[in-house]
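Chains as they are written, first to last, in the numbering used here: chain F, 512 to 845; chain W, 2 to 326; chain S, 162 to 468. To keep things clear, I will list the structure first and then write my remarks on it.
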Amino acid sequence: MTEPLVEIRGVSKRFTKRLDVAGKIAQRLGANIREETVHAVDNVNLSIQKGEVLGLVGESGCGKSTLGRVVAGIHPASDGQMFYGGKDVATLNGTDKRAATLAIQMIFQDPFASLNPRMRVEDIIGEAPRMHGIVSKAESAEYVDDVMRKVGLDPSLKRRYAHQFSGGQRQRIGIARALAVKPKFLVCDEAIAALDVSIQAQVINLFMDLREELGLTYLFISHDLSVVEHIADRVAIMYLGRIVESASTEEIFSDPRHPYTKALLAEAPRLDQRRRDFAPIEGEIPSPLDPPSGCTFHPRCPVATAECRTTVPELKAGRGGRETACLLEHAETV
Amino acid sequence: MTEVLEVSGLKTHFFTHAGVVKAVDGVDFTVSKGEVMGLVGESGSGKSITGFSILGLIEPPGRIVDGSIRFNGDEIANAPEERLKTLRGNRISMIFQDPMMTLNPVLRVDTQMIEAILAHENVSRQTAWERSRDALGLVGIPSPEERLQAYPHQLSGGMRQRVAIATAFLNQPDLIIADEPTTALDVTIQAQIIHEAQKLTKRTGTAMIWITHDLAVVAGLADRISVMYAGRIVEQGGIDDVIDRPLHPYTVGLLGSVPTANRRGQRLFQIEGMTPNMLALPEGCAFGPRCQALTAACSKRPPIKDVDGRSLRCFNPQRTKETTL
Amino acid sequence: MTDTVTDHSLTTAKSPKVETPFQRFRAEFFESRIATAALGIFLIIVLLAILAPWITPQNPYDLGQVSVMDGRLPPGSEAFDGYTMWLGSDGSGRDLYSAILYGLRISLTVGLASGVIALLIGMAIGLVAAYAGGRTEAFIMRIVDLQLSFPASLVALMMVAALGKGVDKIILALVIAQWAYYARTVRATALVERGKEYVEAAQCLGISRSRIVFRHILPNCMAPLIVVGTVQTASAISLEATLSFLGVGLPQTEPSIGVLIANGFEYMLSGRYWISVFPGVALLMTVVSINLVGDHLRDVLNPRLKR
Chain F
512 MTEPLVEIRG VSKRFTKRLD VAGKIAQRLG ANIREETVHA VDNVNLSIQK GEVLGLVGES
572 GCGKSTLGRV VAGIHPASDG QMFYGGKDVA TLNGTDKRAA TLAIQMIFQD PFASLNPRMR
632 VEDIIGEAPR MHGIVSKAES AEYVDDVMRK VGLDPSLKRR YAHQFSGGQR QRIGIARALA
692 VKPKFLVCDE AIAALDVSIQ AQVINLFMDL REELGLTYLF ISHDLSVVEH IADRVAIMYL
752 GRIVESASTE EIFSDPRHPY TKALLAEAPR LDQRRRDFAP IEGEIPSPLD PPSGCTFHPR
812 CPVATAECRT TVPELKAGRG GRETACLLEH AETV
Chain W
2 MTEVLEVSGL KTHFFTHAGV VKAVDGVDFT VSKGEVMGLV GESGSGKSIT GFSILGLIEP
62 PGRIVDGSIR FNGDEIANAP EERLKTLRGN RISMIFQDPM MTLNPVLRVD TQMIEAILAH
122 ENVSRQTAWE RSRDALGLVG IPSPEERLQA YPHQLSGGMR QRVAIATAFL NQPDLIIADE
182 PTTALDVTIQ AQIIHEAQKL TKRTGTAMIW ITHDLAVVAG LADRISVMYA GRIVEQGGID
242 DVIDRPLHPY TVGLLGSVPT ANRRGQRLFQ IEGMTPNMLA LPEGCAFGPR CQALTAACSK
302 RPPIKDVDGR SLRCFNPQRT KETTL
Chain S
162 MTDTVTDHSL TTAKSPKVET PFQRFRAEFF ESRIATAALG IFLIIVLLAI LAPWITPQNP
222 YDLGQVSVMD GRLPPGSEAF DGYTMWLGSD GSGRDLYSAI LYGLRISLTV GLASGVIALL
282 IGMAIGLVAA YAGGRTEAFI MRIVDLQLSF PASLVALMMV AALGKGVDKI ILALVIAQWA
342 YYARTVRATA LVERGKEYVE AAQCLGISRS RIVFRHILPN CMAPLIVVGT VQTASAISLE
402 ATLSFLGVGL PQTEPSIGVL IANGFEYMLS GRYWISVFPG VALLMTVVSI NLVGDHLRDV
462 LNPRLKR
């Protein structure tokens, strides 16, 4: 299987805050405001094979959620192309386009905001399959029951509203809603971050069971390294809109190469380390409005050189064939 | 070690129109000078309400219905507001998940910090300013003179939390209650904040209660740990004992369900069922319906027992299992 | 903030039985005694107005039943036709009790009709603005801003001056004076709702734009609309009274509450207080009761203010 299920090439996403009339006048009068552009995602390439779980790790504001929404088709990309099953999604029309849309579904972080509070569970799950003719109206009730059972929900509760469920159950409703349109690919955006510890394990298990049963492919976005280590086959680490390292899960966790990956791994709290001395990397995550020059990590990097301040490192194979965006890693191959 | 705080039999109930929520229902623990106690639980376990009860910040329809809270030997449960005011922000400080709960958005940082000092001490403004500057330096804020002039909204989330921590430590309190202080922060920033808090407690001998749902954070920071479930502490002991050799089935389950404790790619060990509805708790042990070691004895409320040097609320301690990390 | 103070169990705490959103809303609404009483008073007022032809001794619009002989009688006097005028009579000899109930019919009709029509129009315009975005939105919202920069009474006054008298024309004037409030509310709420994850999920599921707007976003905008609707209806009733008081609203032959107050005004200084005061009290009770209901609706329906 050489052809990836989903591939994105050179994808960027910029958000521009335009000035309104009042802003333009204020600017003329000398006020210190200007149009602001955030490069939330900056020239990212990713490919995900069928059946694979790709973990996307990064801290808040690194653009991982935006990237997930671009992949899920919620935000159009500012630049770049996205391929589903080898076809450029932008060129698709009619039924092909709809098939591609439905094939990629998203699981959201917030189990409250991601379910429409005015709809009953049966409609939340059953609306899209009915609309797209996946099931007939007559079979709809039966179908909804099946999907609910698949995610571990009691079908007798389908007349209820979302607020009558606990956080973990609500997340299951969100998963059922996605599964109802028979997707091939799930984008999970921090899908367990808002849940209680004892419920997180249940939902992770559900994701793993579904992968096995339905042959699903995942883009699993999370800030939690231990969860990604557990569930992912490959991991991509993101910092300020760019991917800084990408490798198999074993490689990332046993032998991290990029200084940022090393810092993330060293600083994640672990159960087996007691009364440890946290010796964190310095500094704040810079604002994506005004990212540092060169390698965006250089102000916090313990091994940065003068070159890192000026040259933007590309994500490419370096020492040992490992993909990083770090000049030092690249230099060592020469 | 001298005991800074001694909580015994604490019960805080909320009288809502839907019924009585026994958010805290018989909690006992002590915290000694210089000690960090991790108070761990899931949402609704009553861990935050315990913190608020100690500070006397419970508002109707809730109130402390029973128990005692002794701070440096004095009873402060249901103490008059005047007395609590002289303690809060002075002898007992609090750090919240959202630093904006303690920071006033319309006042500059220096104004707030200086006032925090002058409210409890009779020193000159200049001295207070110098102390504020030094406090910001201690929590790792670069160029503190500049930051003192900033408004809270001009600071990043991590920076605000540092200011909140610096403010909490300003009057060198005897006790700090930190309620999920790093939950909203990123991994690298969380590590920085924990690092600063650790440094400060060592330096000043301040006792600390660190309330969180994250066992891994507590494991790396605390000396002792109390695990709460449905308003009660179900297991309490030294951090190594509890994390390495948990006895209560709930603690066993929590630790077992962490991904690092499981083989990669395998299903995780999971606790069945849902977090309990606090209005309809089961008779007997509240964890019973989700427990794998349920026996007939569990239909009664388990009392606190001393088992292997820790206090435990369970009839069937899980001695067999050593968690593998 | 409430999350940290109360812990999750308390905000989500509820009895295990199934409770629809409406049942919960109803339970919370009737928790307030003041709002319950206000709603009761408002319903009584509406009932009295509806039943007016059957429970009043006189039809004040029927000139044959009104006798100038009965003019300006104090409360409790006996009318020429033999019934007791408990609230007295006005300058033209109308029984005030009858006149107030008939006046309420007109005032309530005008208020409710203009409220509902303005709500529908404003809702449609606001939704279009929120969903179209860009220039369309900017254009619509500048018109809304422009209109809201004038006092509603001024706009209504200008419209009535241009349209002339009559119930239909007053309703039209009030709709024009008030649609902008609804449009602004709907747009603001719709923008918030549009950014929520359930809308993103609907996009993912390939649900059409129009269906997202009308079936997903609109139902979630109803709560603030209902609140604005009650407050605006109260203000429409008082606006109509104001216009009638100024003599540009409804004609003398069909006296609304405002006309009754205006008629009595000239007698105030001569001690015949009742001609103005009783209609004034009726207007006050109507407007205050609607506003109290509206205030409490806002508390119940706005999750941010919830305890």
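A virtual CB, placed ideally from N, CA and C, is assigned to each residue, including glycine. Please read these numbers as outputs of a predicted model, since none were measured by experiment.
Check: Taking Cβ positions, are residue 280(W) and residue 24(W) nearer each other than 7 angstroms?
Finding: no
Check: How long is the line joining the alpha carbons of residue 316(S) and residue 349(S), rounded to whole angstroms?
Finding: 23 angstroms
Item checked: Buried versus exposed, by CB contacts within 10 Å (16 or more), residue 296(W) -> exposed
Check: Does residue 707(F) have its Cβ less than 7 angstroms from a Cβ in chain W?
Finding: yes
Item checked: CA-to-CA distance, residue 224(W) to residue 292(W), given in whole angstroms -> If you take the alpha carbons of residue 292(W) and residue 224(W), they lie about 27 angstroms apart.
Next item on the list: Select from the stretch 723-751 of chain F all residues with a C-beta closer than 7 angstroms to any C-beta belonging to chain W, and list them in chain order.
Entry: 734, 737, 738, 740 and 741
Next item on the list: Show which residues of chain S have a CB atom less than 7 angstroms away from the CB atom of residue 612(F).
Entry: 367
Note to self: Between residue 779(F) and chain W, is any beta-carbon pair separated by less than 7 angstroms?
What the structure shows: yes
Next item on the list: Grab me the residues of residue 235(W)'s own chain with a C-beta within less than 8 angstroms of its C-beta, minus the 5 sequence neighbours each way, in chain order.
Entry: 228, 229, 249, 251, 252, 288, 313, 314 and 315
Checklist line | Given residue 37(W) as reference, the closest of 226(W), 173(W) and 283(W) once Cα atoms are compared | finding: 226(W)
Notebook entry, point to check: What does residue 268(W) touch in chain F if you count any residue whose Cβ is under 8 angstroms from its own?
Noted result: 716, 719 and 720
Notebook entry, point to check: So is residue 825(F) in contact with chain W if we call contact Cβ pairs under 7 angstroms?
Noted result: No, because no Cβ of chain W sits closer than 7 angstroms to the Cβ of residue 825(F).
Checklist line | Those residues which DSSP pairs with residue 211(W) across a bridge | finding: 39(W) and 179(W)
Next item on the list: Within 10 angstroms of the Cβ of residue 61(W), are there 16 or more other Cβ atoms? Answer buried if so, exposed if not.
Entry: exposed
Notebook entry, point to check: residue 381(S): buried (16+ other C-beta within 10 angstroms of its C-beta) or exposed?
Noted result: With 16 or more other Cβ atoms within 10 Å, it is buried.
Next item on the list: Tell me, to the nearest whole angstrom, how far the beta carbon of residue 738(F) is from that of residue 748(F); I am working on the premise that it is less than 8 angstroms.
Entry: Actually they are not in contact, since the Cβ atoms of residue 738(F) and residue 748(F) sit about 14 angstroms apart, beyond 8 angstroms.
Item checked: C-alpha distance - residue 830(F) paired with residue 772(F), whole-angstrom precision -> 16 angstroms
Checklist line | Under 7 angstroms by beta carbon: chain F residues contacting residue 44(W) | finding: Those within 7 angstroms of residue 44(W) in chain F are 707.
Checklist line | Selection of the stretch 271-287 of chain W by Cβ proximity to chain F, strictly under 9 angstroms | finding: 271, 272, 273, 274, 275, 276 and 278
Item checked: For residue 308(W), three-class secondary structure by DSSP -> strand
Check: Which partner residues of residue 612(F) appear in the DSSP bridge assignment?
Finding: In DSSP, residue 612(F) forms no bridge with anything.
Note to self: If you reduce the DSSP assignment to three classes, tell me which class residue 830(F) lands in.
What the structure shows: DSSP, reduced to helix, strand and coil, places residue 830(F) within a helical segment of the structure shown.
Notebook entry, point to check: Cβ of residue 707(F) versus every heavy atom of the ligand MN: is any distance shorter than 6 angstroms?
Noted result: As for the ligand MN, it is missing from this structure, which has no ligand bound.
Check: Using a C-beta cutoff of 7 angstroms, does residue 845(F) count as contacting chain S?
Finding: Caution applies to residue 845(F), whose pLDDT of 49 falls short of 50 and renders its modelled position unreliable; the model cannot decide the point.
Notebook entry, point to check: Which residues in the same chain have their Cβ closer than 6 angstroms to the Cβ of residue 85(W), if we skip the five residues on either side of it in sequence?
Noted result: Annotation for residue 85(W): 57 place their beta carbon closer than 6 angstroms to its own, counting only its chain and skipping 5 residues before and after.
Notebook entry, point to check: residue 140(S) to residue 300(S), Cα distance in whole Å?
Noted result: Shown here, chain S extends from 162 to 468; a query on residue 140(S) therefore has no answer.
Notebook entry, point to check: Do three or more CB pairs link the stretch 247-267 of chain S to the stretch 277-293 of chain S at distances below 8 angstroms?
Noted result: The stretch 247-267 of chain S, when compared against the stretch 277-293 of chain S, does not touch it at the 8 angstroms Cβ threshold.
Check: Is the Cβ of residue 838(F) closer than 7 angstroms to any Cβ of chain S?
Finding: No, residue 838(F) does not count as interfacial toward chain S.
Margin query: Please state the DSSP three-state secondary structure of residue 121(W).
Written below: coil
Item checked: Identity of the residues DSSP links to residue 234(W) by a beta bridge -> 229(W)
Check: So which residues of chain W does residue 785(F) contact, with C-beta pairs closer than 8 angstroms?
Finding: 220, 221, 240, 241 and 244
Margin query: With the cut-off set at 7 angstroms, would you say residue 691(F) and residue 622(F) are in Cβ contact?
Written below: no
Check: When the Cα atoms are used, what is the spatial distance from residue 532(F) to residue 232(W)?
Finding: If you draw a straight line from the Cα of residue 532(F) to the Cα of residue 232(W), it comes to about 56 angstroms.
Note to self: For the structure I just gave you, are there three or more beta carbon pairs, one from the stretch 421-436 of chain S and one from the stretch 339-346 of chain S, closer than 8 angstroms?
What the structure shows: no
Note to self: Please confirm whether residue 617(F) has its beta-carbon closer than 7 angstroms to some beta-carbon of chain B.
What the structure shows: Checking the listed chains, one finds no chain B in this structure; the protein chains it contains are F, W and S.
Item checked: Listed by chain order, chain S residues near residue 633(F) by CB distance under 8 angstroms -> Within chain S, no residue comes near residue 633(F); the closest Cβ sits about 14 angstroms away, beyond 8 angstroms.
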